[in-house]
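Comments concern the structure below.
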Ligand code: OGA
Ligand code: MN
């Protein structure tokens, strides 16, 4: 196989499965290889230069003004169009099967987007799934930023329960780091950064389709 192959091995998988089961979240630095991360970062820059990123949305009916107050990132949905995306999706597919096998979450598929946070951009505290919009079961975030310094800011702040006041963790968005958490349970926030910040956010979903209603992909 190609050198794009990732290095997330057995230990990091058990960190994720154990963390999800015990705490509802897990963080693994260097989960993805530098080569894969570099390819993904290159794709982000190229697509951004081509004008392919759009202002992010926070729900079907939210007006742009409110949206702007909550989040200021720009996104591009992964479409499997490049080798790097396929390699990433292959890795995440293995993770999905591991989670289903160990935690019985019945994860059905993955939706994910690249995100660019320009300097000063943020995403205020939120849950990725909530009552009435609960197809999202496990969130994953992958960071693509080379040589990130503490003074660059841009941490992902995590709270342990939906109504927690005190956060438990701040994760720097360093290249190769994988963060996983339960979408309905773990509030999180993206703090403003001093430099451009690249990430991929993805959601393993359960399928809510029935004979009467086809579950839409997003
Ligand atoms: C999201 C999100 C976190 C990050 O897109 O829902 O929380 O660090 N992203 O990019
Ligand atoms: Mn989120």
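Numbering (our numbering), first residue to last: 493 to 710. Built from N, CA and C at the ideal position, the CB exists for glycine as well.
query, result
"3-residue-minimum beta strand (DSSP E) runs that sit fully inside the region 536 to 621, ordered along the chain", "566 to 569, 601 to 609 and 615 to 618"
"Meets three-Cβ-pair contact criterion under 8 Å: the region 585 to 600 and the region 646 to 656", "no"
"Residue 564 versus 614, 539 and 677, residue with shortest Cα-Cα distance", "614"
"Residue 643 in three-state terms, based on DSSP", "helix"
"Alpha carbon of residue 528 to alpha carbon of residue 509, nearest angstrom", "23 Å"
"Cβ-based neighbour list, residue 674, same chain, cut-off 6 Å, excluding 5 preceding and 5 following", "516"
"Inter-residue Cα distance where the pair is residue 524 and residue 574", "17 Å"
"Cβ distance (whole Å) where residue 665 is taken to contact residue 619 below 8 Å", "Residue 665 to residue 619, Cβ: 20 Å. No contact."
"Contact check, residue 646 vs residue 609, beta carbons under 8 Å", "yes"
"Alpha carbon of residue 649 to alpha carbon of residue 542, nearest angstrom", "31 Å"
"Helix, strand or coil at residue 694 according to DSSP, with G and I counted as helix", "strand"
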